[in-house]
Structure formats: structure tokens, C-alpha cells
Amino acid sequence: MNGLKSASLWLVLFIVFIAMFVQMTNKDQAEQVAITQVLKLADNGKIVGKVDDHDGRIKGKYTNEAGKATAFEAEYLSNQSDLILDRLSKAGVEYYARPGNQFLQTLFISFLLPVVVIVGLWMLIMRQLQSGGNKAMTFGKSKARLMSEGQNKVTFDDVAGVDEAKEELKEVVEFLKDPQKFSRLGGKIPKGVLLVGPPGTGKTLLAKAVAGEANVPFFSISGSDFVEMFVGVGASRVRDLFEQGKKHKPCLIFMDEIDAVGRSRFGGGFGGGHDEREQTLNQLLVEMDGFNSNEGIILIAATNRADVLDPALLRPGRFDRQVMVDFPDLSGRERILQVHARKVRLGADVDLRVIAKGTSGFSGADLANIINEAALLAARRSRDDISMAELEEARDRVMMGPERRSLALTEKEKKLTAYHEAGHALTAKFVGAQEEVHKVTIIPRGRALGVTSYLPGEERFTQFRGALKDRLVYMLGGRAAEEIIFGDFTTGAGNDLQRATQMASRMVCEFGMSDVLGPRTYGDNNSNIFNAGFRENNDSMRYSDSTAKVIDAEIKGIVDEAHTRAVKLLEDNREILVRVSEALIERETIDGRELDLLIKGEPLPERPKAPPPLPPQAPKSPEQQPEEKKRERIFGKPLLDRPSEMPG
Numbered sequence: 007m008n009g010l011k012s013a014s015l016w017l018v019l020f021i022v023f024i025a026m027f028v029q030m031t032n033k034d035q036a037e038q039v040a041i042t043q044v045l046k047l048a049d050n051g052k053i054v055g056k057v058d059d060h061d062g063r064i065k066g067k068y069t070n071e072a073g074k075a076t077a078f079e080a081e082y083l084s085n086q087s088d089l090i091l092d093r094l095s096k097a098g099v100e101y102y103a104r105p106g107n108q109f110l111q112t113l114f115i116s117f118l119l120p121v122v123v124i125v126g127l128w129m130l131i132m133r134q135l136q137s138g139g140n141k142a143m144t145f146g147k148s149k150a151r152l153m154s155e156g157q158n159k160v161t162f163d164d165v166a167g168v169d170e171a172k173e174e175l176k177e178v179v180e181f182l183k184d185p186q187k188f189s190r191l192g193g194k195i196p197k198g199v200l201l202v203g204p205p206g207t208g209k210t211l212l213a214k215a216v217a218g219e220a221n222v223p224f225f226s227i228s229g230s231d232f233v234e235m236f237v238g239v240g241a242s243r244v245r246d247l248f249e250q251g252k253k254h255k256p257c258l259i260f261m262d263e264i265d266a267v268g269r270s271r272f273g274g275g276f277g278g279g280h281d282e283r284e285q286t287l288n289q290l291l292v293e294m295d296g297f298n299s300n301e302g303i304i305l306i307a308a309t310n311r312a313d314v315l316d317p318a319l320l321r322p323g324r325f326d327r328q329v330m331v332d333f334p335d336l337s338g339r340e341r342i343l344q345v346h347a348r349k350v351r352l353g354a355d356v357d358l359r360v361i362a363k364g365t366s367g368f369s370g371a372d373l374a375n376i377i378n379e380a381a382l383l384a385a386r387r388s389r390d391d392i393s394m395a396e397l398e399e400a401r402d403r404v405m406m407g408p409e410r411r412s413l414a415l416t417e418k419e420k421k422l423t424a425y426h427e428a429g430h431a432l433t434a435k436f437v438g439a440q441e442e443v444h445k446v447t448i449i450p451r452g453r454a455l456g457v458t459s460y461l462p463g464e465e466r467f468t469q470f471r472g473a474l475k476d477r478l479v480y481m482l483g484g485r486a487a488e489e490i491i492f493g494d495f496t497t498g499a500g501n502d503l504q505r506a507t508q509m510a511s512r513m514v515c516e517f518g519m520s521d522v523l524g525p526r527t528y529g530d531n532n533s534n535i536f537n538a539g540f541r542e543n544n545d546s547m548r549y550s551d552s553t554a555k556v557i558d559a560e561i562k563g564i565v566d567e568a569h570t571r572a573v574k575l576l577e578d579n580r581e582i583l584v585r586v587s588e589a590l591i592e593r594e595t596i597d598g599r600e601l602d603l604l605i606k607g608e609p610l611p612e613r614p615k616a617p618p619p620l621p622p623q624a625p626k627s628p629e630q631q632p633e634e635k636k637r638e639r640i641f642g643k644p645l646l647d648r649p650s651e652m653p654g
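Pasting the structure below:
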């Protein structure tokens with residue numbers, strides 16, 4: 007509608023400019039002559055057609071020497087009108103007197119018309135500014151976007167891995183649909199729900215699902231939309247946002263990244279009561295639970311920095327519920343992969359649970375990226391579906407980066423990497439690790455020259471001290487293999503040593519697993535900022551220098567014990583270590599099944615050679631397609647038709 011109005015205004019201005027141009031052109035083309043010459047032309051019979059008299063200005067045409075009609079204009083004084091009329095009448099010229107005000111015409115053409123054009127252009131420019139992102143004349147208006155029904159097609163069925171958060175938000179939606187069910191016992195609708203969690207875990211997706219499920223108006227806005235350089239604008243936008251909510255209540259308001267305006271006023275970074283962000287926060291506090299409370303408006307906010315939010319914002323009555331949206335567990339990751347796999351075509355060999363096992367600590371966004379990367383890899387290889395090989399390669403790509411086959415390793419470096427990775431894999435096997443060795447490769451990827459990947463036997467949230475000590479053993483297995491085979495060690499174990507030292511430090515200082523120091527914690531170990539809003543504030547515990555020496559000695563003792571165990575295990579199985587390393591040098595990658603065969607001393611099966619790329623096939627006839635579609639299934643549902651072209 008706004009575009010149509012703008013087009014109409016431009017059309018009017020164009021017509022006005024054309025009229026002005028025609029007016030000026032006609033004026034310039036008419037020949038200016040004296041009134042006496044007009045009378046002579048009339049006496050000689052050279053005036054053609056009629057003559058118009060506009061209160062002191064005569065217009066007409068005469069025949070020039072070449073015999074062509076030429077327009078002329080002549081001016082006369084008011085006391086000459088009778089003489090002119092008499093002479094033209096005697097000459098037989100048609101004379102028409104047209105009354106008019108020449109002064110007003112001149113004033114309109116010379117002054118008023120340009121002013122009208124300039125004002126019209128100014129109004130058009132200001133309207134364009136307001137319709138864009140600047141909104142030069144509406145600083146105090148809210149930038150919230152109202153989502154209507156059918157605009158958002160995301161539902162709770164599209165969200166997986168966060169069942170508790172879904173239940174909390176389903177209850178909010180149900181309350182809006184049937185408030186009497188909850189209010190009959192005196193219960194009140196929660197005013198605010200705060201979604202807290204690391205990036206990529208699905209906070210915004212949950213809000214979209216609420217918008218898709220609720221049959222009420224849904225406003226969406228970001229915390230940064232309130233921040234401006236002008237003091238008071240943010241507070242004005244908060245007021246306008248809740249005014250819009252009152253007009254559409256009951257309604258939902260989703261505010262993403264609320265930490266942009268909700269930071270604590272008691273920490274650093276605020277300049278006092280005149281600060282723009284603090285005024286915005288104060289207005290938000292008043293609107294959520296002030297003297298005039300806003301009933302029927304539920305605010306859903308999302309942040310990954312709950313530790314920096316103001317305590318007044320987090321109290322009940324404003325945000326009554328704080329929902330933790332954490333990284334998904336094993337079953338949650340599998341369900342997330344299934345949700346994202348609906349849009350792609352999977353092969354018969356795909357086992358999403360295996361991928362879920364190898365992605366511990368991945369967020370929902372990471373898992374979606376794995377499916378997308380696998381689809382791109384399959385498209386590059388001209389496959390008709392996504393196989394397990396593409397999914398595993400996509401997982402490694404997301405976790406560590408693409409393969410660096412262009413990195414030319416010398417034979418000595420390749421041999422060193424093979425023994426290093428074989429040391430990790432064999433120590434994990436020999437200590438009876440809870441994690442299963444899934445794959446060992448010496449193909450450089452990211453910053454690593456080789457990778458040993460593990461799959462957990464089951465999802466665990468707690469660990470015994472013995473299991474942590476076993477993990478330290480196969481963390482240091484690569485360094486131990488280098489010492490046994492080469493009698494020296496390289497910088498390749500730097501990351502292993504760093505992770506081993508960190509784990510030993512946590513065992514001593516955080517988990518109380520030191521026999522000497524006993525069940526105590528040392529230092530502030532609350533390093534997870536995403537859980538900050540759900541734990542007590544513990545000040546850093548101080549300890550003496552003598553205690554620090556004991557801590558250092560305990561950490562060193564745990565790491566040294568693990569290193570000694572790793573060296574002994576590999577020395578006792580040196581023959582197996584050599585056999586696995588030679589297989590890695592030959593094949594570059596071995597899986598867990600092949601590793602078991604090498605440990606038993608059995609020969610490895612021959613690998614099938616990669617078939618040559620197939621030539622382009624002609625499109626299949628309609629008679630062949632139904633039979634093919636009957637054989638293609640994914641999760642028990644018929645597959646979608648593959649697009650004719652896929653990116654790659």
C-alpha cells in the first residue's frame with residue numbers, strides 16, 4: 007500500500023513538471039511584437055484565425071514572409087483597449103476577450119508552483135525514511151514485529167532435545183488458551199519466562215514454536231532494538247511496546263538477547279541514573295511489575311548471560327520462571343538429528359544413534375550443521391542419498407575442520423603420527439575405557455595431524471575417580487608411544503598434556519579426589535557462565551602458599567602416575583603397537599572393528615576400491631518412478647523427491 011502511494015506521488019510530480027515545461031516552452035516559442043505591429047498585420051490581413059485578449063495581453067498567429075503561421079504575443083495599456091477593438095473589428099479579425107489575472111498566473115508559475123513541488127519532494131523523502139530502517143520521525147516507537155497466524159510454521163514438533171523447556175512453554179500456551187483451567191484455584195499467569203542457555207541450544211527456536219502454537223498475537227523484538235544514542239528513546243520504546251501489547255492482550259512478547267538492556271546496575275559499565283541503558287531497564291522493570299501491572303501480557307526472554315542480568319529483573323513477579331536450555335543428552339541429540347534429517351534423503355546404512363554418540367557436547371545448531379554439511383558432501387559426490395560416510399565426515403568437519411590433504415607430511419612425520427595415534431587407541435583398549443574407540447586416522451584435519459575418536463558406551467553425568475584416572479592414561483598414550491619407539495618426544499602432545507593437566511587440577515581442586523588434601527575444594531571453580539543464574543554465588547576460597555605447593559604436588563603425582571601406566575601398557579604390547587601403526591601408515595584410517603582384529607593378530611579384510619564416477623543418466627520414465635519410490639524409506643515415511651539441483 008505504501009509503495010502504491012509513493013508511486014502515485016511520483017506520477018503527480020512528473021505531470022506537474024511536464025506542465026511547467028510545456029508552459030515555459032510555449033512562452034518561449036511565441037514571438038513578442040509591439041501592439042502597433044499587430045494593428046498593421048490586421049490592416050494587411052495577415053492575422054490568421056482568432057485573437058485572444060487576456061486583460062492586457064493579445065495572443066494569436068500571423069502569416070510571415072515565408073507563408074508560415076507564426077505565434078505572437080503583444081501587450082497593451084488599459085486605455086488602449088477601445089482602439090484595438092475598433093481596429094481589429096474593421097479588419098475583420100475574430101476577437102475574443104478572456105478575462106484573467108496575469109499577476110496571479112505569474113505568481114503561481116514563478117513562486118507557488120516551485121514551492122508546492124519542493125514541499126512534495128520533502129514529504130516523499132521523509133516518508134521513505136520512515137518506511138525504512140531509520141524511521142527518522144519515530145524514534146520513540148517500538149520496533150517489535152507482530153507475527154500473525156500462519157506466518158510462522160514452527161511448532162513444538164520441530165523442537166527436540168529440550169523436553170523440560172517445552173513443557174514449561176506448553177503450559178504458558180495452554181494458559182492463554184484456557185485460563186479458567188488454572189485460575190479456578192487462584193493461580194495467576196506467569197508474567198515472564200526467562201530462557202537461559204549456551205548459544206545454539208534452541209532458545210529462539212522455542213520462542214518460534216510458541217508463536218506457532220499460540221492463537222494469540224505474538225510480538226518479537228531484540229534487546230538491541232531499544233539501544234540508541236539519544237537518552238530516553240529506549241524507555242519510550244519499552245512503553246510503546248507494552249502499549250501495543252495492551253491493545254492485543256492476551257498476547258506474548260519475545261525479547262531476544264535481553265542482556266543488551268538488562269545488565270546489572272550494580273556492576274561496572276553504567277554511568278548512573280542518566281544512562282540510556284539504565285533508563286531502559288528501569289522502564290522495563292516498571293512495565294513488568296510496577297504500580298500499574300500489565301495483566302494478560304507474558305514476556306518470554308532469552309539470554310546466554312544470565313550472570314550479568316540485574317537482580318530486580320530476575321525476581322519472581324517479573325520473571326517467575328527461569329528455564330535452563332542446556333546441551334542435549336544422547337537421546338536428545340538423536341531426536342534432533344531425526345528432526346533435521348526429515349528434509350534430506352538418508353541411505354540405508356545410516357545410524358543416527360552412532361552420530362549422536364560421537365557428538366557429546368554438541369548443541370542443536372551444531373547437529374543441524376552436521377546434516378547440512380553431509381548433504382553438501384553427498385551432492386559434491388553426485389550421490390542420490392546421504393550415506394554414513396558423509397555423516398561421519400561432516401561430524402569431523404564440524405568438530406575439527408576439513409581434511410588437509412594438501413599438507414605434505416614427510417615419511418618420518420607420518421610414522422610419528424601413526425605411532426602417536428596408535429598409542430592413544432591401544433591404551434584406551436587396554437585400560438578398559440568406558441569410551442569405545444570408533445576411528446583412528448592420520449589424515450591432518452584442522453590443527454591436528456591425526457585424530458582418535460571415541461564413542462561413549464552410555465551417557466554419563468558423573469564419573470568415579472578410577473574412570474578419570476583411566477582417561478588420563480589414554481590421554482597420555484600418544485606421548486608414551488613416542489618415548490617407547492623413538493626414545494624422545496615431540497611437541498605433538500601439547501594439547502594432550504594441557505587437557506590432562508586441567509583434568510588432574512579439577513580432580514584435586516574441584517572434586518576433592520586427593521588423598522592428601524581430602525574432600526575440600528580450592529579456588530572458584532564455577533567456570534560455566536551459562537549456569538550462573540542457577541547457582542549460589544561462592545567467593546573464591548583462599549589458601550596458603552604451603553597448600554598451593556601440596557596442590558601442585560598432587561596434580562603432578564596424578565599426571566605422572568597416568569604417564570607411567572601408559573608407558574608400561576605399551577611396552578608390554580609393543581608388538582601390537584607396531585602392527586597398528588603400520589596399518590595406519592598403509593590405510594591412513596582404521597575403524598574400531600579393524601583395531602580389534604589387529605589386536606588379536608588377525609589379518610585385515612581387503613577394502614573395496616572406489617568405483618569410477620558414473621556417467622550422467624537419462625531421466626527415468628514415469629513407469630519406473632513409482633516402483634523406485636516404494637523402495638525408498640526414511641523413518642517409515644516415503645522420501646521426498648530429490649531436487650534437480652543441489653548446492654555443492
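Residue numbering for the sequence shown follows my numbering, beginning at 7 and increasing consecutively.
For each residue, glycine too, the CB sits at the ideal point set by N, CA and C.
Query raised in the report: Taking C-beta to C-beta, are I448 and E581 nearer than 8 Å?
Result: No, Cβ-Cβ distance for I448 and E581 is not below 8 Å.
Query raised in the report: Where do the N-terminal and C-terminal ends of the alpha helix (DSSP H) with F368 fall, by residue?
Result: Per DSSP, F368 belongs to no alpha helix (DSSP H) and is neither H nor E.
Requested in this report: Would you identify the three-state DSSP class for D49, choosing helix, strand or coil?
Outcome: In this structure, D49 counts as helix in the three-state DSSP scheme.
Query raised in the report: Within this structure, are the beta carbons of I605 and K435 separated by less than 8 Å?
Result: Against a cut-off of 8 Å, the Cβ pair of K435 and I605 comes out as a contact.
Query raised in the report: Roughly how many angstroms lie between the CA atoms of K420 and H569, to the nearest whole one?
Result: A direct Cα-Cα distance of roughly 23 Å separates K420 from H569.
Report task. Please state if the CB of K159 and the CB of G218 are separated by a distance shorter than 8 Å. Result -> Yes; because the gap between Cβ atoms is below 8 Å, this pair is in contact.
Requested in this report: Work out the CA separation of T42 and D49 for me, nearest whole Å.
Outcome: Looking at the backbone, the Cα of D49 and that of T42 are separated by about 11 Å.
Requested in this report: Taking R471 as part of the alpha helix (DSSP H), name the residues at either end of that continuous run.
Outcome: Per DSSP, R471 belongs to the alpha helix (DSSP H) from R471 to M481.
Query raised in the report: Can you give the Cα-Cα distance for L287 and S511, rounded to whole angstroms?
Result: So the two alpha carbons sit approximately 40 Å from each other.
Query raised in the report: Once you ignore the five residues that flank V479 on each side, which residues in its own chain have a CB closer than 7 Å to its CB?
Result: In chain order, T433, V437, A568, R571 and A572 place their CB closer than 7 Å to the CB of V479, counting only its own chain and leaving out the 5 sequence neighbours on each side.
Query raised in the report: If S230 sits next to A266, beta carbons under 8 Å apart, how far is it from one beta carbon to the other, in whole angstroms?
Result: Contact check for S230 and A266: beta-carbon distance about 5 Å, within the 8 Å limit, so the pair qualifies.
Query raised in the report: Ends of the alpha helix (DSSP H) at A241?
Result: A241 -> alpha helix (DSSP H) spans V239 to K253.
Report task. Let me know if L590 comes out buried or exposed under the rule of 16 or more other beta-carbons within 10 Å of its beta-carbon. Result -> When all chains shown are included, L590 counts as buried.
**Report entry** Status (buried if at least 16 other CB within 10 Å, exposed otherwise) for F225
**Finding:** Buried.
Query - Simplified DSSP state of P408, which is helix, strand or coil - result: Coil at P408, not helix or strand.
Query - Burial state of N140, where buried means 16 or more other Cβ atoms lie within 10 Å - result: Its pLDDT being 47, under 50, N140 is placed unreliably in this model, and the value from its coordinates should be taken loosely. Exposed, since its Cβ has fewer than 16 Cβ neighbours within 10 Å.
**Report entry** CB of G563 within 8 Å of CB of G483, strictly
**Finding:** Cβ distance not < 8 Å, so G563 and G483 don't count as in contact.
Query raised in the report: Touching or not, the stretch 466-474 and the stretch 443-458, by the rule of three or more beta carbon pairs under 8 Å?
Result: Too few Cβ pairs lie closer than 8 Å, so no.
Query raised in the report: Quick one: Cα of G529 to Cα of A554, how far?
Result: The straight-line gap separating the alpha-carbon atoms of G529 and A554 is approximately 11 Å.
Query raised in the report: Could you give the distance in angstroms between the alpha-carbon of D521 and the alpha-carbon of R477?
Result: Approximately 19 Å, taken between the alpha carbons.
Query raised in the report: Are L200 and V165 close, meaning C-beta to C-beta below 8 Å?
Result: Taking a C-beta distance under 8 Å as the contact criterion, L200 and V165 do not qualify as a contact pair.
Requested in this report: Consult DSSP for R271 and reduce its assignment to one of helix, strand or coil.
Outcome: R271 carries a coil assignment under DSSP once its states are collapsed to helix, strand and coil.
Requested in this report: Express the C-alpha separation of F232 and L397 in angstroms, rounding to a whole number.
Outcome: Those two C-alpha atoms are separated by around 42 Å.
Query raised in the report: Would you say R571 touches the ligand GDP, meaning its beta carbon is less than 7 Å from a heavy atom?
Result: With respect to small molecules bound, the structure shown includes none, and the ligand GDP cannot be examined in it.
Query raised in the report: Do G240 and I303 come within 8 Å of each other at the CB atom, strictly closer than that value?
Result: Taking 8 Å as the cut-off, the Cβ atoms of I303 and G240 do not count as close.
Query raised in the report: Does the separation of the CB atoms of Y425 and L583 fall below 8 Å?
Result: When the beta-carbon positions are compared, Y425 and L583 come within less than 8 Å of each other.
Report task. Less than 8 Å between the CB atoms is what I'm expecting for V202 and M330, so what's the real figure, rounded? Result -> The Cβ separation is near 6 Å, so the contact holds.
Report task. Reducing DSSP to helix, strand and coil, say where M519 ends up. Result -> Assignment of M519 by DSSP, reduced to helix, strand and coil, places it in the coil class.
Query raised in the report: Shortest alpha-carbon distance to R499 belongs to which of E488, G493 and Q508?
Result: With the sequence shown as reference, residue 499 is identified as Ala, and Arg is not the correct amino acid for it. A499 has its Cα closest to that of E488, out of E488, G493 and Q508.
**Report entry** C-alpha gap between D355 and T507, whole angstroms
**Finding:** Their backbone Cα atoms lie some 40 Å apart in a straight line.
Requested in this report: May I ask which residues mark the beginning and end of the alpha helix (DSSP H) holding Y82?
Outcome: Neither: Y82 is in no alpha helix (DSSP H) and is coded neither H nor E.
Report task. Assign A347 to one of two classes, buried (16 or more other C-beta atoms within 10 Å of its C-beta) or exposed (fewer than that). Result -> A347 comes out buried.
Query raised in the report: So L182 packs on A215, CB below 8 Å; how close in whole Å?
Result: Contact between L182 and A215 fails: their C-beta atoms lie close to 14 Å from each other, not under 8 Å.
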